[in-house]
Structures are given as structure tokens and as C-alpha cells.
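First up is the structure itself, then whatever we jot down about it.
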Amino acid sequence: MSFLRRMPPSARKHACAGLWTLSALGWATAQPVDALRAADPQQPVQTQPLVLPPTTTADTPALPSDLAAARDVWQRANQRVAEFPRGHADLLRWEAQQPPGDAPPAAKASTDLDFAQALRQSLRHRPELFTHADMNDLARAQVQARYAAHVRDLQRAWIDAVATRQRERLLNDALDATRTGSELGRRMVSAGNWSQVRQMREQLIEANAWQASANARGDTLAAQERLARLLGDADAQAVARLSARLPNALPELPPQPAPGEAMGEAAVLRSHPTLAQTRLLAARDLAAVSPARRQAWNETVETALRSLQTSTPPHIDNLSLLRDGTLERSIDAETRLRQLAVERRSMAREAWTTLQLRHASARHAQDVVIKLQAAVEQETQLRYNGMLQSTWELLASARERMASLDTALQARRDYWTARADWQALLGGADAAAPTPSSATGAASTAAPAGH
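The sequence shown begins at 2 in my numbering and counts up by one.
Shown next, in the form of C-alpha cells:
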């Protein structure tokens, strides 16, 4: 670089600018290749096929043509069932456990995308969420609020991606249970022990379970794409592998809804990036107005409100007050401050109440509902082993247990979402758009209980 020192100052300035431009272009060419590739319409994309469970059928087995054929089918079916100590259910369970000859070995999933890793990956593409050395306090607080909102949105997407994947597996298990009932019904129709109407009912249960499983697959893919957008991942193959990198289940529930129960509204007020400055400016503007002038304004407002008509807004005709610029600034400052404080305090109360409610609901589903349903299923299994209950009651109990697990899963998802919203408020962000509790509608989308 010694040749630069021998140049005149003006030429040296242009030369340095040119070298900086060249180095910047070289850095841009070497570094953001992913962004250039993602924005290139000519970049080839390998479409990922949609994989759904095998579809059901509306066909029913034909009834035996005559009495001799019916007797032959009935004898062969009973001989097959007699090989298993508990009858039809054990036979179907054994057949389902036999792997096909061409089944590939199961791939071992890598669960390396916990939330901390997801946050680091997302921030690589969000330089506006970094603070830097020459920031003033207000700018730093504003970045903090935007960062808290980003963390909340990413947490919500990560929680949904894990929960929908877990729910898809659960509904696939429910579909398998309905397939067992449908196959058993088909065999009973073939043996002449059932009518085709009863078989159709089992097929309808299976068809509804297939629909729920397919919808769960769609929810999984949608949640996966929402997470990919926040991660800044444009590669279709990488997005398709995203689900396998997630944990298999949501974290366990903590004993308490959140640490620091005493923080409440004060912490939410302090965390807002502009509330403190707005309060100082409002105090200055309010101090500039005399108490008598303020009292005159309050009396004018009350007079207008006493004559209020529902169809028309309140009216003020005191021009002396309306043309007072100092009074106008103080009223505007007070209005802005009050509205901001009311919103932050209301957000804090609502978010904390929601968090407590979601935690109590998730605890109840985990500690009461699931335990009761497990006890019912265990009792049903014992009565089935003693031939006191039928196979259909056993299958119905299994479906009810899966519906209870689904309810508990959705309640846990709602809790972690509410906790993310609460932490974002404490970080300075505004409240997120409210989402209805998914636990109340979880059972309605699961497989029907059947008989």
C-alpha cells in the first residue's frame, strides 16, 4: 500500500474508495451466496412429494354365496384365531408387527435444533436486531423490544412445529387402531358373523381417522414452513429435513407458571422502550398549564358530556380553551401517556392470567385426565383378558386414551405459547395477537371413539 502514500490527497481519496468498493464487491461475492441463490428464479428446485397415510376404501367384503361357503369361511377364521390366546385383537396385532420383506431400515433422526440453536440461526439473517456500540439509550431500548418480539414469534413457530409433529404421530397411532377395528370387522363379515352395515360403521370410523391424520400432516408442514421463514431457510430440501431435526416432544411442564411471579405490571411498564420518555415529556407539558386553566378544561369537558347525545359526538364551544396551544399540548401528552399505560397494564394482566390458566389446564390434563384414562384402559385390558369385555370395547378404550393424550398435548402447547407471550412483554414487546386455546377442540379433530 506504499504507492498510496506517494499520491496527491485527492487521488489517494479516490483510490481508497475504489479499493474499498472492490473489496466490498469481493466480500459480497464470497459471502452472501445463499441469498443470491435463494433470489435466483433460475435456481433448480427439487419438489418434495406429499406423503400421506394409505387411504381407506368404501368397499365391503362380499357375503358368502351359500351356507356351505359360509361354514367353510367361518371354520378357517376360527382356526386362525385359535392360534392366539386372546383371539382377534392379538391376531391383528401380530400381523401388523410383521415387517414387510422390502422395508428399509429406519433412519435415526437427529434432534439438533433446540430453541437456542434456532434462535442463533435466525439472527444470522437479522442484523437490525443487533445492538452496537454507538447506540443511545432510546435506540437500544427499541432494538430490545423488536428483539423480544422476534424471540416470541420464533418461540411460537418452534413450539408449533414440535407440537404438530408430535400430534401427527399420535393421530397416526389412532388411525392404526381404527384400521384394526375395520380389518376385524371385514373378517367377521366374511365369516358371516356381522352384517355389512356394522362393517360400514367401522369403515366410517377409519375414514374419519384418516382425515384427521391427513389434516395433522398438513398442520405439520404448515408449521414447518412458518419456522423455516423465521430461520431464513430457503432451501426446499433443508426445510424438508427440518422436522427430523426437532425434538420429539415439547418440554415438560414446570412446577410454577413462570419464575418471578411478583414482577407483574411494573416490569411490563419498565420494559417499554418509550414509556419513560413519554412520561417525562407529559410531566413537562402538564406543569406548563396552571391549575385554574386545567380546572376550566375539566369543567368544560364535563358540561359537554352531560349534554351528550348517542347519535352525535360531544361538543365544546369555548374558543378560549380551544385556542390555548399550551393547554392543547398538555392534554395531548396526557392522553398519549394514559393510553400507553392502560394498554401496557392491561396486556400484563391478560398475559399473566392466560399463563396461569394455561398452566393449570395443562397440569390438569397431565395429572388427572391422562391418569384416569390410563386406569380405565388398564381395567378394560384386564376385563378383556378375562373375556369379560369384547375386542370392540378394548379398541374403543385405546382410541379414547389417544384422544386424551391429544388433549394434553394441545394444553401443553398452549402453555408454552402463553409463556413465550409473557416473556416477550417483559422484554418490551407488545402483546401478540390472541390465539384461541387449542385444547378445547383437540378431541373433536381426533379419531372418533367408535363403539
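Even for Gly, the Cβ is constructed at its ideal location relative to N, Cα and C.
Keep in mind the model is a prediction, meaning the values are calculated, not measured.
Around the CB of Ser398, 16 or more other CB atoms lie within 10 Å, so the residue is classed as buried. Between Ala239 and Ala425 a beta carbon distance of about 27 Å is seen, past the 8 Å cut, so the two are scored as non-contacting.
Met348 counts as buried, since no fewer than 16 other beta carbons sit within 10 angstroms of its beta carbon.
The C-alpha of Met403 lies about 8 Å from the C-alpha of Asp174. Between the alpha carbons of Val343 and Arg125 lies a distance of about 36 Å.
Less than 8 Å separates the beta-carbon of Leu251 from that of Trp417. The alpha carbon of Asp368 has as its nearest neighbour, out of Ala158, Trp298, Ala412, the alpha carbon of Ala412. Burial state of Asp138 is exposed, judged by a 10 Å Cβ sphere holding fewer than 16 other Cβ atoms. Here the alpha carbon of Arg364 sits roughly 13 Å from the alpha carbon of Leu406. Apart from sequence neighbours up to five positions away, the residues of its chain that approach Thr179 with a beta-carbon distance below 6 Å are Ile206, Glu207, Ala210, Ala448, ordered along the chain.
Looking only at Leu247, Leu222, Glu378, the smallest Cα-Cα distance to Gln156 is reached by Leu247. Apart from the 5 residues on each side of it in sequence, Arg280 sits with its Cβ closer than 7 Å to the Cβ of Leu338 in its chain, given in chain order. Counting only residues of its own chain and dropping the five nearest sequence neighbours on each side, Leu282 has a CB closer than 7 Å to the CB of Ala334. C-alpha of Asp422 to C-alpha of Ala235: approximately 27 Å in a straight line.
Of the candidates Ala158, Phe131, Ala293, the residue whose Cα lies closest to the Cα of Ala119 is Ala158. Within the stretch 231-278, the complete alpha helix (DSSP H) segments of 4 residues or longer fall at 237-241, 243-246, 265-272, listed in chain order.
Between Pro128 and the set Gly233, Arg202, Asp220, Leu185, the nearest pair of CA atoms involves Gly233.
Each residue's CA atom was taken as its position, placing Ser183 and Leu222 some 28 Å apart. DSSP, read as helix, strand or coil, puts Thr311 in coil.
Remark: three or more beta-carbon pairs, one from each stretch, lie closer than 8 Å, so the stretch 283-302 and the stretch 313-328 are flagged as touching.
Residues Thr221, Ser244, Leu247 of the same chain have their beta carbon placed closer than 7 Å to that of Arg166, with the five preceding and five following residues left out of the count. The C-beta of Glu203 has 16 or more other C-beta atoms within 10 Å across all chains shown, which makes the residue buried. Exclusion of the five residues before and after Phe116 leaves Trp159 as the residues of its chain whose Cβ lies within less than 6 Å of its Cβ. Secondary structure at His360: helix, using DSSP grouped into helix, strand and coil.
Contact check for Leu356 against Pro260 fails: the beta carbons are separated by 8 Å or more. Membership of Ile160 in the alpha helix (DSSP H) is indicated by the continuous run 138-191. Minimum Cα-Cα distance from Leu410 among the listed residues Leu373, Ala375, Val163, Asp325 corresponds to Val163. By the criterion of a C-beta distance shorter than 7 Å, Gln145 is surrounded in its chain by Pro274, Gly428, Gly429, once the five residues flanking it on both sides are discounted. For Arg121, the uninterrupted alpha helix (DSSP H) run begins and ends at 116-124, by DSSP. In the assembly as shown, Ser308 is an exposed residue. Its beta-carbon has fewer than 16 other beta-carbons within 10 Å.
Nearest Cα to Arg230 within the set Gln379, Ala142, Asp113, Gln122: Gln122. Around the beta carbon of Ala375, a 10 Å sphere encloses fewer than 16 other beta carbons of the protein chains shown; the residue is thus reported as exposed.
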